[in-house]
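For the working numbering, count along the sequence shown from 1 and bump the result up by 43. All residues carry an ideal CB built from backbone N, CA and C; glycine is no exception.
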Amino acid sequence: MNRRHDSSVQRQADAYTINQAADLLGADTDDVIDAAGLTLGELELGAVEIGLSVTDYRNVPVLRERDLAVIASRLDAQPYL
Numbered sequence: 044m045n046r047r048h049d050s051s052v053q054r055q056a057d058a059y060t061i062n063q064a065a066d067l068l069g070a071d072t073d074d075v076i077d078a079a080g081l082t083l084g085e086l087e088l089g090a091v092e093i094g095l096s097v098t099d100y101r102n103v104p105v106l107r108e109r110d111l112a113v114i115a116s117r118l119d120a121q122p123y124l
């Protein structure tokens, strides 16, 4: 019996990865993950679901542009716009 686990991590073509967000905001990737409210498990599952290794969780496109503004405010980072 195959059971599909639905990840709460949403992936979209127009989304940013953790690495991209960190670069745009000039922040550490772990800080971006924390500010986004994501868990390592969610990101690892998201990576596996799109065919990546669990260690590539920072390359899963999960953040929308509006998320970047929220993350920036939480990090007190300079807005990228």
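Between Ala78 and Ile93, what straight-line distance do the alpha-carbon atoms span, to the nearest angstrom? Along the sequence shown, read from residue 1 onward, the residue named residue 78 stands at position 35. Along the sequence shown, read from residue 1 onward, the residue named residue 93 stands at position 50. Taking the straight line from one Cα to the other gives about 23 Å.
Return the Cβ separation of Leu111 and Leu67 in integer angstroms, given the expectation that the two are a contact with Cβ distance under 8 Å. Your numbering for residue 111 matches position 68 in the sequence shown. Your numbering for residue 67 matches position 24 in the sequence shown. About 7 Å; that satisfies the 8 Å criterion.
Kindly indicate which three-state DSSP category Leu81 falls into: helix, strand or coil? Within the sequence shown, numbered from 1, the residue matching residue 81 stands at position 38. The answer is coil: DSSP assigns Leu81 none of H, G, I, E or B.
Between which two residues does the alpha helix (DSSP H) holding Leu118 run? Against the sequence shown, residue 118 aligns to sequence position 75. From DSSP, the alpha helix (DSSP H) with Leu118 extends over Glu108 to Leu118.
Distance between Glu108 and Arg101 (C-alpha atoms, nearest Å): As a working mapping, residue 101 is identified with position 58 in the sequence shown. As a working mapping, residue 108 is identified with position 65 in the sequence shown. Cα to Cα, the separation comes out at about 16 Å.
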